[in-house]
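Chemist: Mind looking over this structure? Questions follow.
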């Protein structure tokens with residue numbers, strides 16, 4: 001597909017009065033505007049709440065950072081925002097929306113290009129897609145694209161039903177299932193680290209890598225999302241999408257070329273090669289946790305069961321650790337360990353690639369154990385890469401000491417690094433779906449996690465809560481690696497900026 005550097009489109013944001021639109025979408029569009037990456041565009045905010053166009057434009061203005069900018073630029077930007085009070089089940093409301101869309105298309109010269117961004121409750125996704133088709137809003141002379149936030153379904157069966165609904169109005173190539181982790185700078189950098197460096201790709205296999213660890217920890221609890229989280233849990237909220245996507249990028253074969261279809265194809269192969277677990281194997285490969293009360297930064301915080309809108313006897317997991325096995329020629333025998341959770345010690349997303357020990361330690365007479373070589377990819381909050389090596393300690397003796405080679409994105413061009421949503425919105429506008437998930441990826445991910453959730457939902461976890469807020473998870477997560485002779489690397493000690 002031809003990709004336009006300065007795309008033209010009418011963007012309809014369903015759920016435009018919600019938190020996501022105000023925190024992420026409006027600021028991202030504004031950044032694209034100030035960087036002159038948007039040529040001709042207009043935005044229709046769609047939501048149930050009655051609101052005037054002026055009030056909506058004020059909401060947009062209040063959501064963006066307008067410091068150090070020309071006021072006329074801000075005014076021009078928000079003047080392109082329009083509002084439509086909408087009932088997602090009423091065809092007459094869609095007819096009125098289409099009339100406004102056609103008027104803006106003529107006024108701004110938008111060439112019939114339309115993007116429909118669904119930033120609202122997922123139970124409305126299918127209904128909206130069907131109405132967009134039935135009521136003529138997708139009948140355009142330009143392109144049409146549907147952007148969908150997670151969760152895409154609750155399990156494989158519901159995901160299939162939703163996909164069937166939206167496919168009545170949009171082809172697979174027109175559906176952009178957003179996973180904001182795929183917009184993060186260092187997640188996108190995984191491909192460059194692997195395929196643009198001769199020192200890494202020859203070692204990227206089971207002959208040289210001992211294990212790979214992916215940690216995505218949060219300090220925050222469920223906050224006001226208790227009702228949602230009770231239905232989701234960490235497995236559906238994080239593992240089915242973000243964690244498995246990072247595994248796929250780390251494990252995929254080099255694509256024939258760097259195109260959307262080829263990259264997606266290689267990721268799908270990885271997900272197909274994931275060893276499916278039998279019910280009796282789930283608790284050998286996966287650990288679930290739920291946070292109790294504890295201290296975060298010196299402040300006492302409640303346990304999960306004490307959070308608003310959470311069952312006092314909840315069986316929902318707020319933490320997941322797992323061992324994934326990829327049954328293919330490259331990765332046979334290499335465990336991929338993942339862990340993610342809420343109310344942990346730090347907010348941190350890091351990937352640690354641990355290389356195998358050298359065949360013979362020539363320094364054994366020094367009573368010194370050599371540290372394994374590590375490649376650490378820092379995804380958030382800091383961005384960068386650290387290579388952990390062994391070097392000679394200064395002095396007369398032949399003693400080794402750990403040394404680190406460090407690249408910090410903050411030190412290079414971090415100030416200009418676009419936010420994940422900004423990049424993904426721009427990709428969608430240009431028609432580049434590389435960093436969005438294909439249906440095959442979604443289906444395979446649900447197929448894998450459904451086996452685990454079925455066991456957990458049918459088995460009450462008597463030990464809950466089994467980790468204290470402010471720690472790195474339950475004891476069983478450490479034992480998961482100890483069985484294989486490994487341990488979780490202390491990612492909270494790996495700081496890219498002070499290496």
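Residue numbers (full-length UniProt numbering): 1 to 499. Positions of the beta carbon are idealized from the N, C-alpha and C atoms, including for glycine. All values reported here derive from a predicted model rather than from experimental measurement.
1) Measuring alpha carbon to alpha carbon, tell me which residue in 101, 470, 327 is nearest residue 296.
2) What's the C-alpha gap between residue 490 and residue 351?
3) The alpha helix (DSSP H) that contains residue 131, what's its start and end?
4) Are three or more beta carbon pairs between the region 377-395 and the region 342-361 nearer than 8 Å?
5) Since residue 86 contacts residue 100 with CB under 8 Å, what's their CB separation in whole angstroms?
6) Specify whether the region 159-175 and the region 124-132 touch according to this definition: at least 3 beta carbon pairs, one from each stretch, less than 8 Å apart.
7) Where residue 278 and residue 451 are concerned, what is the direct C-alpha to C-alpha distance, given to the nearest angstrom?
8) For residue 287, which residues of its own chain have a beta-carbon under 6 Å away from its beta-carbon, when the five flanking residues on both sides are left out?
9) Tell whether a beta-carbon distance below 8 Å holds between residue 309 and residue 226.
10) Identify whether residue 12 lies in helix, strand or coil by the three-state DSSP scheme.
11) Which word fits residue 423, buried or exposed, when buried means at least 16 other C-beta atoms lie within 10 angstroms of its C-beta?
12) Note down the Cα distance separating residue 265 from residue 248, rounded to an integer number of angstroms.
13) Once you ignore the five residues that flank residue 472 on each side, which residues in its own chain have a CB closer than 6 Å to its CB?
14) Check whether the Cβ atoms of residue 118 and residue 157 sit closer than 8 Å, and answer yes or no.
15) Mind pulling the alpha helix (DSSP H) runs of 4 or more residues that sit fully within the region 201-273?
16) Is the beta carbon of residue 113 sitting closer than 8 Å to the one on residue 10?
17) Which residue wins for smallest C-alpha separation from residue 143, given the options 177, 105, 121, 160?
18) Just checking, does the region 42-55 make contact with the region 9-23 on the three C-beta pairs under 8 Å criterion?
19) Taking buried to mean at least 16 other C-beta atoms within 10 Å of its own C-beta, is residue 237 buried or exposed?
20) By the 10 Å Cβ neighbour count, where 16 or more other Cβ atoms means buried, how is residue 246 classified, buried or exposed?
21) Which one of 433, 449, 492, 444 has the shortest CA to CA distance from residue 171?
Modeler: Let's see:
1) Here the question's residue 296 lines up with position 296 in the chain shown. Measuring from the Cα of residue 296, the nearest candidate turns out to be 470.
2) The residue given as residue 490 occupies position 490 in the chain shown. The residue given as residue 351 occupies position 351 in the chain shown. Roughly 11 Å between the two C-alpha positions.
3) Position 131 of the chain shown, counted from the first residue, corresponds to residue 131. It spans 125-134 - the alpha helix (DSSP H) in which residue 131 sits, taken as one unbroken run.
4) yes
5) By 1-based counting over the chain shown, the position of residue 86 is 86. By 1-based counting over the chain shown, the position of residue 100 is 100. Between residue 100 and residue 86 the Cβ distance is about 11 Å, and since that is not below 8 Å, they are no contact.
6) yes
7) One-based indexing of the chain shown puts residue 278 at position 278. One-based indexing of the chain shown puts residue 451 at position 451. Roughly 7 Å between the two C-alpha positions.
8) Looking up residue 287 in the chain shown gives position 287. So the list reads 321, 476, 477, 480, once near-sequence residues are dropped.
9) To locate residue 309, count along the chain shown from 1; it is residue 309. To locate residue 226, count along the chain shown from 1; it is residue 226. Closer than 8 Å, so yes.
10) Walking along the chain shown from the start, residue 12 turns up at place 12. In this structure, residue 12 counts as strand in the three-state DSSP scheme.
11) Residue numbering aside, residue 423 sits at position 423 when the chain shown is read from its first letter. When all chains shown are included, residue 423 counts as buried.
12) If you number the chain shown from 1, residue 265 lands on position 265. If you number the chain shown from 1, residue 248 lands on position 248. Distance between the alpha carbons of residue 265 and residue 248: 11 Å.
13) Locating residue 472 in the chain shown gives position 472, counting from the first residue. 344, 345, listed in sequence order.
14) Against the chain shown, residue 118 aligns to sequence position 118. Against the chain shown, residue 157 aligns to sequence position 157. No. Outside cutoff.
15) 226-234, 244-251, 260-273
16) Walking along the chain shown from the start, residue 113 turns up at place 113. Walking along the chain shown from the start, residue 10 turns up at place 10. Their beta carbons are under 8 Å apart, which means residue 113 touches residue 10 by this criterion.
17) Here residue 143 corresponds to residue number 143 of the chain shown, with the count starting at 1. Measuring from the Cα of residue 143, the nearest candidate turns out to be 105.
18) yes
19) Position 237 of the chain shown, counted from the start, is the residue given in the question as residue 237. Counting Cβ neighbours within 10 Å, residue 237 comes out buried, since at least 16 surround it.
20) Numbered from its first residue, the chain shown carries residue 246 at position 246. Burial call: buried.
21) Position 171 of the chain shown, counted from the first residue, corresponds to residue 171. Here the closest residue by C-alpha is 433.
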